[in-house]
Structure formats: C-alpha cells, structure tokens
Amino acid sequence: MNSMIKIKDLEKYYRTEEVQTVALNKLTFDVKEGEFVAIMGPSGCGKSTLLNIIGLLDDPDGGSFIFNGIEVAGFNERKRADLRKHNIGFVFQSFNLIDELTVYENVELPLIYTGVKPADRKKRVEEVLEKMQIMHRRNHFPQQLSGGQQQRVAVARAVVNNPKLILADEPTGNLDSSNGNDVMQLLTELNDQGTTVIMVTHSEHDAKYSHRIIRMLDGHKVTEDILV
Amino acid sequence: MVKNYIKTAWRNIRANKLFTVLNIVGLAIGLCVCIILFAFVYTELNFDNMYSNSENIYRVNMETSEEYDFEIWAELPNAVGPAIVKDIPEAKKMTRLIKDDFGVTASLKIGDKNYNENGLYLADSTIFSMFDFKFLEGNSKNAFLQPKSIVLSQSAKERFFGSKSAMGELITVNNRDTLQVSGIYADLPKNSVIDCDMVYNIKDSWMGTDVYWSNASYETYIQLQPNTTVAQIEDQATDLIDKYVDKDGQYFTKFFFQPLTKIHLYSANVQDGYSTRLGNINTIKSLLFLSLLILFIACINYMNLATANSRKRSKSIGVNKVLGANRGQMLSLFYVETAILVLFSVVVGYAISFLTLPLFRSITGNDINYHDLLATPILIGLLIIWGVITIVAGSYPAISMSSISPLLLVSKSKKKNSASEFVRKGLVVFQFSASIILIIAVTIILQQMTFIKNKNLGYNPNGVLAVSVKSAESRQQVRSLTQNLKRQMSIESVSAVQSMPGLNESGRSVRKLSTDVVGMPIKSCRTEGDIIETLKLNLLAGSKLPEVISEGDSIIYTLINEKIINYLDYKSPNDAIGKIINTELGGRAIITGVVANFNYNSVKEDIGGYMYYKSNKAPERVRALLIRYNTQNLPQFMGNLQKTFNENMPNTAFDYEFLDKHVAQLYASEEKTAHAVSVFSVLAIFIACLGLFGLAAFTAEQRTKEIGVRKVLGASVAGVTTLLSKDFLKLVCMAFILASPIAYWIMQNWLQDFTYRTPINWWVFVLAGIAAVFIALLTVSFQAIKAAIANPIKSLRTE
Numbered sequence: 136m137n138s139m140i141k142i143k144d145l146e147k148y149y150r151t152e153e154v155q156t157v158a159l160n161k162l163t164f165d166v167k168e169g170e171f172v173a174i175m176g177p178s179g180c181g182k183s184t185l186l187n188i189i190g191l192l193d194d195p196d197g198g199s200f201i202f203n204g205i206e207v208a209g210f211n212e213r214k215r216a217d218l219r220k221h222n223i224g225f226v227f228q229s230f231n232l233i234d235e236l237t238v239y240e241n242v243e244l245p246l247i248y249t250g251v252k253p254a255d256r257k258k259r260v261e262e263v264l265e266k267m268q269i270m271h272r273r274n275h276f277p278q279q280l281s282g283g284q285q286q287r288v289a290v291a292r293a294v295v296n297n298p299k300l301i302l303a304d305e306p307t308g309n310l311d312s313s314n315g316n317d318v319m320q321l322l323t324e325l326n327d328q329g330t331t332v333i334m335v336t337h338s339e340h341d342a343k344y345s346h347r348i349i350r351m352l353d354g355h356k357v358t359e360d361i362l363v
Numbered sequence: 149m150v151k152n153y154i155k156t157a158w159r160n161i162r163a164n165k166l167f168t169v170l171n172i173v174g175l176a177i178g179l180c181v182c183i184i185l186f187a188f189v190y191t192e193l194n195f196d197n198m199y200s201n202s203e204n205i206y207r208v209n210m211e212t213s214e215e216y217d218f219e220i221w222a223e224l225p226n227a228v229g230p231a232i233v234k235d236i237p238e239a240k241k242m243t244r245l246i247k248d249d250f251g252v253t254a255s256l257k258i259g260d261k262n263y264n265e266n267g268l269y270l271a272d273s274t275i276f277s278m279f280d281f282k283f284l285e286g287n288s289k290n291a292f293l294q295p296k297s298i299v300l301s302q303s304a305k306e307r308f309f310g311s312k313s314a315m316g317e318l319i320t321v322n323n324r325d326t327l328q329v330s331g332i333y334a335d336l337p338k339n340s341v342i343d344c345d346m347v348y349n350i351k352d353s354w355m356g357t358d359v360y361w362s363n364a365s366y367e368t369y370i371q372l373q374p375n376t377t378v379a380q381i382e383d384q385a386t387d388l389i390d391k392y393v394d395k396d397g398q399y400f401t402k403f404f405f406q407p408l409t410k411i412h413l414y415s416a417n418v419q420d421g422y423s424t425r426l427g428n429i430n431t432i433k434s435l436l437f438l439s440l441l442i443l444f445i446a447c448i449n450y451m452n453l454a455t456a457n458s459r460k461r462s463k464s465i466g467v468n469k470v471l472g473a474n475r476g477q478m479l480s481l482f483y484v485e486t487a488i489l490v491l492f493s494v495v496v497g498y499a500i501s502f503l504t505l506p507l508f509r510s511i512t513g514n515d516i517n518y519h520d521l522l523a524t525p526i527l528i529g530l531l532i533i534w535g536v537i538t539i540v541a542g543s544y545p546a547i548s549m550s551s552i553s554p555l556l557l558v559s560k561s562k563k564k565n566s567a568s569e570f571v572r573k574g575l576v577v578f579q580f581s582a583s584i585i586l587i588i589a590v591t592i593i594l595q596q597m598t599f600i601k602n603k604n605l606g607y608n609p610n611g612v613l614a615v616s617v618k619s620a621e622s623r624q625q626v627r628s629l630t631q632n633l634k635r636q637m638s639i640e641s642v643s644a645v646q647s648m649p650g651l652n653e654s655g656r657s658v659r660k661l662s663t664d665v666v667g668m669p670i671k672s673c674r675t676e677g678d679i680i681e682t683l684k685l686n687l688l689a690g691s692k693l694p695e696v697i698s699e700g701d702s703i704i705y706t707l708i709n710e711k712i713i714n715y716l717d718y719k720s721p722n723d724a725i726g727k728i729i730n731t732e733l734g735g736r737a738i739i740t741g742v743v744a745n746f747n748y749n750s751v752k753e754d755i756g757g758y759m760y761y762k763s764n765k766a767p768e769r770v771r772a773l774l775i776r777y778n779t780q781n782l783p784q785f786m787g788n789l790q791k792t793f794n795e796n797m798p799n800t801a802f803d804y805e806f807l808d809k810h811v812a813q814l815y816a817s818e819e820k821t822a823h824a825v826s827v828f829s830v831l832a833i834f835i836a837c838l839g840l841f842g843l844a845a846f847t848a849e850q851r852t853k854e855i856g857v858r859k860v861l862g863a864s865v866a867g868v869t870t871l872l873s874k875d876f877l878k879l880v881c882m883a884f885i886l887a888s889p890i891a892y893w894i895m896q897n898w899l900q901d902f903t904y905r906t907p908i909n910w911w912v913f914v915l916a917g918i919a920a921v922f923i924a925l926l927t928v929s930f931q932a933i934k935a936a937i938a939n940p941i942k943s944l945r946t947e
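The listed protein sequences correspond, in order, to chains L and S. If you use my numbering, the first sequence corresponds to residues 136 to 363, in order. If you use my numbering, the second sequence corresponds to residues 149 to 947, in order.
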C-alpha cells in the first residue's frame, strides 16, 4: 500500500512570554492508505497537536509533512482549507455539531462547502443517514439527541464527502460503553471500506480496533505496536 | 449557499432573544430618529426647487455701508428691481414683494366681519409667472388688469368665504383700501419661501408708484436669462448705485444675487426679509450630527453584543471552518445575520417614526407630515440606510469573528480575546462619553435659558399687552380708545407706540457734529403717552416725554438711552438734558430724558442706541397701544378690553399680543434646541444603557461558575454585585473624564453666541457624572443582583 501520510522530524512549539513548550519533538512516522492507526499517550504528550497538524488545522514549526505525495507544511490557510474539505473528515470527542442546524443540515454542511449541487446533496445525505441509522432523526436538533446519536451524526458528517482520511479525537470519550462500541464499529466498517482512520484515544479498548498503536511521550514516538 | 446563510443567521438571531431584542430596540430608536430627520432634511434641502425657473431666480440682497455695520439686508429700495431690469439685458423679469404695512398684521373687513391676516403681500404682477401660480379661478394675465384687484390663495378663500364664490367680492384692508377679488390660486407649496396668502398689485399703492432709492423695505426677486454668469450681473447691478444714487444717499455699497433655492437655509447672516419659512443650515447640520451619533451608539450596541457573544459562536465558526468554510464565507454569514437584524430594525424604526412624528413636530416646530415620510427618496434612503448600517454595525463583528481559528474547537483551554475586549470597552466608553456630553449640554442650555428669562431686561415686559391700532380710521379714534382704556381700574398706563420693543422701529442714525459722516445707527420709535411708566423704564435724568404738545410746537422731544449718550460723549446723563440731537427726523430735536439701557432685542445681541420720540410732525404712525394692566381676573379683563376696543374701533379686528410672550418668542429657537438636545440625550443614554444591560447579562452568564464558587466560599450578594458592577463603573468613570473637557469646550463655544451668558459651573459636570454613574449602576446591578442571588449549586451545575 502507498503511504498517505509521511511525517519526518516534525516539530511544534508553544511559546509564552516566559517559557517555550515543545509539543512535537522530531516526530517521524508514516500512515499507509487504508490503515487504522491509534495514537495514545498521557495528557500533554502532543497527541492533539499532531492531529491538528495532520488535519491541516495547524502549521508545524519544523520538519516535513507529506500528504498524498504533496508537501503541505507551509501551506496557507486557503490551500489547507481546500485540501481539508476534499480529503479529511473529523470526529470529535464533544461531537461539535452546530446547535442551530438540524441533523440533516449538519450532515449537509460539508457538501455545501465542496459545491455539491442540491439534488446530489439530498441523495448523498439521505444515504449516509440511512447508513448511520439516524434517518428518523433527520429533522431534530442536536440537543434533542442522545450522546450516541449525536456521535453517529458527527460520523455521518465526517464521511458524507467520502474523505480519504478520518481523524477521530477521542470519539468515545463522551459516550457510555455500548454507544462507544457502536461508534468504534462504525469506524471499523469505514476503514474496511478503504478509508484511512487515525484516532487519538486514551482507551486501550478502543485502540484494539486499530491496526497499529503509536504511543507518544513528550512530543515524540516511544513505541509502536502492530496489532494486525 | 445564500439560503443556508439566511437560515443559519435567522436561527442565530432567534437563539439569542435578549441580544436580538436589545439590538432591535436600540437600532429601531436610532433609525426612527434618522428617518424622521432625513425626511425633514430632504424637505429643507429641496426648498423652492419646484418652480420651473428656480435655477434662474435670485433674491437681490445688499451690503450696507459702515454706518450700518456692513450688514446684509434682504429688503431693498423699491427702485432697485426696475433699474436692474431696465439696465441689464440678462435680467428677464423682476418682482418686488412687501408685506402689507411693512410686515404688521393686516386688518381685513369682509362684509360685516373683521379678520387679522399675516400673509397679505403687495407684489408686481410678474410674481405669477416667476413662481408658477396656478390659478383655480381667474388667470394670471388678467388678475391685476383692473386697479385695486386682489388674488387669494385657495385656503385664504376658504377661510374668508367658505364654499361660496369669492370672485368679485370686496375686501377692505386696514380701513383704507378696498380691493376686489380677481383670482383664486392653488396654495403655494409649503416648501417655498414665498408664503403669500393674498396678493395685491404693488402699483395700486404708493409703494409701487413712488419709486425711490432711500427706504429699504422691498424684497426683490430677479429672473435671469438661462446660463447667465451671476458674478457679472452682480457687478453690473452694483454699478447702478453710482449711476442712480447720490454719494450722500449711498448707505448700501453692493448687491448680491442669492439663489432662490439657497434663501431658506442660507439666510442667517441676512437681515429682515418677510418669509416666515426660514430655516438654518447649522440647525440641520446639528440635528443630523445628533441623529447619526444616536444611530452610531445603537450600532455600537450591536458590535459589542455580537462580539461579546463570539465565544458562544466560536464552536459553530470552528466547525464550519473545519468542514471547509473559508473566511469569506464566514464573513458573508455574519453580514447576512446583521442585514436581517438591521432589516427588522429598519421596519420597526420606520413604523415608530409614524407614531412619533407629532412629537418631532412639537420639538422642532417643523410641519413635516406623514406624506413626507412616504416620499420615494425616503424609501430609497431606507434601503441605503439598511446597507450602510449593515456595513457599519456588521463589519467589526464579522471581521473579528470570522478570524476565529478552528483550533479553538480542539483546544481544551478557552483563550480570552483581549483585543476584542479592549475594543468593546473602548466603544462603551465612547457611548457614555457622548451621553455625558449631552447631559452636560442640556444642563447648561437650560441654565442659559433660565438666565435669559430671569435677566433684568431694563424694562418689565410682564403685565403689558400690545393692542394693534394700525387700522384706526383717524387719530381721534386712537385718542378716544386710549382715554376710555385709561378709565378702567385694572389699567395702570397706556402708551401708543410705533412698535413693540425690537419689532418695527425705524432705523436712523444720530451724529455728533455735522462732520460726523458715519454716525451711530439707532432704533427710533414714535410714542404718545407715558412710555417710562408703561414699560417701567429706568429714568436716569431729565423727565418723561410731555403729555401734550401745543399745535404750533415743532420741536421733536426725545427720550434716549445711555448708549446714545456715550456715543455723543456726554459725561453724564444730566449733561445731555435739553441739548439738541441730530436725529434724521427732519426737525429740531432735543433730549428730554435719558433712560438706562434696556434689552429691546434678544439678549443674544448687544444693546444699541434707542430713542423714543414725540412730535407733531412725526413721519411714522403709531401702530399699537401698550397697556400695562394689573388684574386678578384676566379673562374678564380681556373681555372688557375687547368690548371697549370694538366700541371705539368698530371696523377693525381686535389683535393683541402679550409683551412677555413676544420676548419669550425671541428665544424660541434656543428653546427648541434645548428640547431637541434633551430628547436626543435621553435617547442616547437609553440606547447606551440597553447595550450595557446586554453586556452585563453576558458577563454574568460568562462568570456563572466563578460566582457559584465565590458564593460557596462565602461571598455575599453585595460582594458579588460589586464584583460584577465595578468593571462597568470604571468604564463610565473613564467616559466622564474624557467627556468633561470636550463638553466644556463645546458649551463655551455655544455660549459665545450670547452677549449675556451664564457661567459654566463645576457642579454641572459633577452632576452629569453622578447621573451617568447612577444610571449605569442601575442598569448593571439588575443583572449583577440576578446572578448574585442565584443558587450556587445550580450555577456550578451549568458548567
């Protein structure tokens, strides 16, 4: 399989007036197309920073980040946004659904930003909602749903554009074990269908759904466990 | 995409009901003020534009010589107009315009009824074509064909004749001229300085037939050929002075052609003129400035409340950006949201403007009506206002919030946006500075008004009534009326005068010696009776004017004020008594008495030279009786007075005015300014408080957890209230420090217009500061107390 992500000597610092904190310290690893990778480590080890950079939400301070064969470190905001909306789907711990939009409208939003025509949008949103078994809640607002249902909507929104990569930031952190398992099952199914998944998690249980676990400490990789 | 923006924006507006209501109320009030004022300004700026020859018509004004302090006058000698048309080919037409009897209310007799009329003019027949008179009966060509003809406006016709035909009816003016109605014309537009209600031919009067270059009482309008260079014509017209007037008679030196469309707003420096429809461009500018200030204060509320709310919105902004929205799309979303809210405000403000129009009319004295609010330019203006306010109010929040990084979504810590907080505080300081300046301004204006009202004028206008006798059929009629009035118990004194103080005196000059070419301009007023007693003037030396002058006595007896004594270099008033004075009255005049200076004009103006005189050969007529009365029963007194008047002058309408009201009228524009500024300041403070209320609510909500923890740890309600209020009070105190010097500077400049002015007291500033702090505290403490008394467990649970 080809490498989707190639990270080499990646660095990220956070500076305040008095102190500089190293968030990523010469981090190097690859993720292949179709892989399911879990990133684990204690709080403050740089997991979220890494996810932000991979998700093209943030810029590294040093090193190289090649996404699908293109060096993206140093891309401006517009280029990053363009690349992001066509290639990456996000699933957050706190779901991050827009409260003022219905389930349908939340899922439709990425398609609007990628310029999909209304008729195609309708078809695609309904397909995804069916697949996530949330169609019957299409006209509800997020606050009218349970946590598990909200995360299903979030996953639906993440996949509606058929992204090549899904980034999941502690996707089960706000869910009970039953709903958590459902979400992990969904991610696994997506991965089985060819989507690359990178997941940040504290849960050893969830990490076992992945092919490979990268463990981090103080901004660099300490171990790598191959599960499959 | 646009549909999605509108949907999202609409839901956001609905989700934040408090902020939405505060914003709509504030903006609607600001917009209401603006809409009414724009309608008002539109009417004002379009004065006299409706005539087909508007752009070629000019009023001729003249600059007087040094003797008259180089004043600009709108009233000219009646020879000027005919001379211009005769000698300058580019001058196509002219009309002279003069109010009957130089502007004093006319007394009309129609059938057996008497009427008072303020809109009676004499004019040349060319007035009809120059000002597009639309004749409903008769026609412009024949209107003045017959001598002694008069034409009436439609409303004057209805007032005097009702539904009956008026054509051919007779109207007797001031018991002298009987005129026959020869035409009825549609009322002239209300936004025209030409305000004739009735017009008769100036050539039927000596005013039109005796052409002279001396007395200046005639407004003169000239219609030039199209595309004429006005400056050249002005020079040619000025050359006529040397051509027709002896050097000795040249008390004016230059003619100016003032465009017809500029007369209404740009005549503040022009003396006299007869139109009752004069405005002032400075008033327009001030009102516009104040209304835009209020609107801006309302916009600040929107900016502040929207950005204060940005932390709540950051999630949705972040999600949109993560999902691919760029900054431009986020900007569009926020502008759409602002546009929807402003649209609501425009609609509400427009509706309120109809409801509050009568209030506006009473404040400004303007007769703007509902029809003016529906004019097409106003409706177009509403669309422009909508766009402009959307940009002004929406840009800062849109730019600020669209720049929120999507990283906030994944960041666990909530960063404070200190830049936007700084701007927010700055805007609150601006709002309250403006409010405090307005409070100080209102207080000082009201103080000045009180100062003027209580100032010793040098005479006592209270308890004096002026009754018009200008239409008396004989001098004997006035004498017998005076005698009969003097017999009434409640009448202390009666004096017949040419004019009430400051109204229709004659302009003359006194000179020291024969070599004194310039002289001193004074007001002279013919009188019969004891004017010192009637007006309670302060006699410094000499005696009152003689009660009776024998028939052969040709001496002019004068009563002059200190100003004249000083000009004539007398060491004391006593030195002047019995001395001859050069008065331009055409006879031997002696100084009979000297009175202390008195404010016959507005106290805004310096006191000038003033002379009462009595003479057998007085060139002026007496026009009014000044009656000093003392009664506990005014209605009964007035009833008796009218009865006596009607018995003595049966063919004249009873027309009277209280002297103190006339004096108060001199300050009508300042009174209106005081009212307007008061209303504007109340609105400004109210809108600023709406914003403060919203911000306090926002702060209380934001600090819910902190308040809960503090209460659990033992903080009292008072302690929490103080905690939440003190930051806002700091801002109001800063506003006070900023506003005070600015207000001082503005009001010191405003007071420069008055010769007599109240001092600016320090306590006015303290009072304004305390008022602002009190109002702000009241506004903020509501939210603070609400947060402080909430159950801490509940507030902790909300986190």
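Using N, Cα and C, we set each Cβ at its ideal position, and we do this for glycine too. As the structure is a prediction and not an experimental result, all values here were calculated from the model.
Legend entry - Contacting positions in the stretch 446-468 of chain S - beta carbon closer than 9 Å to chain L: Taking 9 Å as the Cβ-Cβ cut-off against chain L, the residues of the stretch 446-468 of chain S that qualify are LYS463, SER464, GLY466, VAL467 and ASN468.
Legend entry - Proximity winner among S:LEU503, S:ASP325, S:ARG162 and S:TYR333, relative to GLU306 of chain S (alpha-carbon distances): The residue with the shortest Cα to Cα distance from GLU306 of chain S is S:TYR333.
Legend entry - Distance CB(SER480 of chain S)-CB(MET549 of chain S) smaller than 8 Å: Cβ distance not < 8 Å, so SER480 of chain S and MET549 of chain S don't count as in contact.
Inset, instruction - Establish whether the CB of THR168 of chain S and some CB of chain L are separated by less than 8 Å. - result: By the rule that beta-carbons nearer than 8 Å mark a contact, THR168 of chain S does not touch chain L.
Inset, instruction - Give a yes or no on whether the minimum CB-CB distance between LEU479 of chain S and chain L is below 8 Å. - result: In terms of beta-carbon proximity, LEU479 of chain S stays away from the interface with chain L, with every pair separated by 8 Å or more.
Legend entry - Same chain only: Cβ atoms within 8 Å of ASN796 of chain S, ignoring 5 sequence neighbours per side: If we look at ASN796 of chain S and ignore the five residues flanking it on each side, its Cβ neighbours are GLN625, SER628, LEU629 and ASN632.
Inset, instruction - With DSSP as the reference, label MET175 of chain L as helix, strand or coil. - result: Correct three-state label for MET175 of chain L: strand.
Legend entry - With 16 other Cβ atoms within 10 Å as the buried cut-off, status of ALA883 of chain S: Under this definition ALA883 of chain S is a buried residue.
Inset, instruction - For PRO295 of chain S, collect the residues of the same chain with a Cβ closer than 6 Å to its Cβ; drop the 5 residues on either side in sequence, then sort them by chain order. - result: In chain order, ASP352 place their CB closer than 6 Å to the CB of PRO295 of chain S, counting only its own chain and leaving out the 5 sequence neighbours on each side.
Legend entry - Limits of the unbroken alpha helix (DSSP H) element including ILE933 of chain S: Under the DSSP assignment, ILE933 of chain S falls in the alpha helix (DSSP H) whose first and last residues are 910-936.
Inset, instruction - Just mark ILE712 of chain S as buried or exposed, buried being the case when its beta carbon has 16 or more other beta carbons within 10 Å. - result: Classification of ILE712 of chain S: buried, given that the 10 Å Cβ count is 16 or more.
Legend entry - Neighbouring residues, chain S, relative to LEU244 of chain L (Cβ below 9 Å): Ordered by position in chain S, the residues that pass the 9 Å Cβ test against LEU244 of chain L are ASN152, VAL467, ASN468, LEU471, GLY472 and ALA473.
Inset, instruction - List the whole-angstrom C-beta distance separating LEU256 of chain S from ILE448 of chain S, where the pair is believed to meet the contact cut-off of C-beta under 8 Å. - result: With a beta-carbon spacing of about 57 Å, LEU256 of chain S and ILE448 of chain S fall beyond the 8 Å limit used to define contacts.
Legend entry - chain L within 8 Å of THR486 of chain S, Cβ atoms only: No, because no Cβ of chain L sits closer than 8 Å to the Cβ of THR486 of chain S.
Legend entry - Backbone CA spacing between ASP754 of chain S and LYS692 of chain S [nearest angstrom]: The alpha-carbon separation between ASP754 of chain S and LYS692 of chain S amounts to approximately 25 Å.
Legend entry - ILE381 of chain S beta carbon less than 8 Å from that of ARG207 of chain S: No, these two residues do not count as a Cβ contact at 8 Å.
Legend entry - Cα-Cα separation between VAL169 of chain S and ILE161 of chain S, rounded to whole angstroms: Taking the straight line from one Cα to the other gives about 9 Å.
Legend entry - Span separating the alpha-carbon of ILE429 of chain S from that of LEU413 of chain S: Here the alpha carbons of LEU413 of chain S and ILE429 of chain S stand approximately 5 Å from one another.
Inset, instruction - Taking ALA163 of chain S as the query, report the chain L residues whose CB atoms sit under 8 Å from its CB, ordered along the chain. - result: Per Cβ cutoff of 8 Å: ASP234 and GLU235.
Legend entry - Contact under 8 Å by Cβ, ILE442 of chain S with PHE828 of chain S: In contact: ILE442 of chain S and PHE828 of chain S (Cβ atoms closer than 8 Å).
Inset, instruction - Consult DSSP for GLN595 of chain S and reduce its assignment to one of helix, strand or coil. - result: In the structure shown, GLN595 of chain S sits in a helix (DSSP, three-state: H, G or I).
Legend entry - Where the alpha helix (DSSP H) containing ALA91 of chain S begins and where it ends: Residue coverage of chain S in this structure runs from 149 to 947, which leaves residue 91 of chain S outside it and unanswerable.
Inset, instruction - List the residues of chain L that MET149 of chain S touches, going by C-beta distances under 7 Å, in chain order. - result: Those within 7 Å of MET149 of chain S in chain L are ILE247.
Legend entry - Neighbourhood of GLU265 of chain S by C-beta, 6 Å cutoff - its chain only, sequence neighbours within 5 removed: Taken in chain order, the residues that qualify are ALA254 and LEU256.
Legend entry - C-alpha gap between PHE100 of chain S and GLY839 of chain S, whole angstroms: This structure cannot speak to residue 100 of chain S, because chain S is shown only from 149 to 947.
Legend entry - Helix, strand or coil at ILE233 of chain L [DSSP, three-state]: Reduced to three states, the DSSP call for ILE233 of chain L is coil.
Legend entry - Within chain S, partners of LYS220 of chain L - CB distance below 7 Å: Contact annotation for LYS220 of chain L against chain S: LEU471 and GLY472 [CB-CB distance below 7 Å, chain order].
Legend entry - Straight-line Cα distance separating PRO245 of chain L from LYS343 of chain L: Looking at the two C-alpha atoms, the distance is approximately 30 Å.
Legend entry - Distance between VAL666 of chain S and THR386 of chain S (C-alpha atoms, nearest Å): Each residue's alpha carbon lies about 21 Å from the other.
Inset, instruction - Tell me whether TRP910 of chain S is buried or exposed, calling it buried when 16 or more other Cβ atoms sit within 10 Å of its Cβ. - result: The residue in question, TRP910 of chain S, is exposed, as its Cβ has fewer than 16 Cβ neighbours within 10 Å.
Inset, instruction - Return the bridge partner residues of CYS673 of chain S from the DSSP annotation. - result: Bridge pairing for CYS673 of chain S: S:TYR760 [DSSP].
Inset, instruction - Spell out whether any CB of chain L is found under 8 Å from the CB atom of ASN160 of chain S. - result: Yes, ASN160 of chain S counts as interfacial toward chain L.
Inset, instruction - Could you confirm whether any beta carbon from chain S is found closer than 8 Å to the beta carbon of ARG213 of chain L? - result: Contacts with chain S at 8 Å (Cβ-Cβ) include ARG213 of chain L.
Inset, instruction - Say whether chain L places a C-beta atom closer than 8 Å to the C-beta of THR156 of chain S. - result: Taking 8 Å as the threshold, the shortest C-beta distance from THR156 of chain S to chain L falls below it.
Inset, instruction - Determine whether the Cβ of ASN231 of chain L lies closer than 8 Å to any Cβ atom of chain S. - result: ASN231 of chain L counts as touching chain S.
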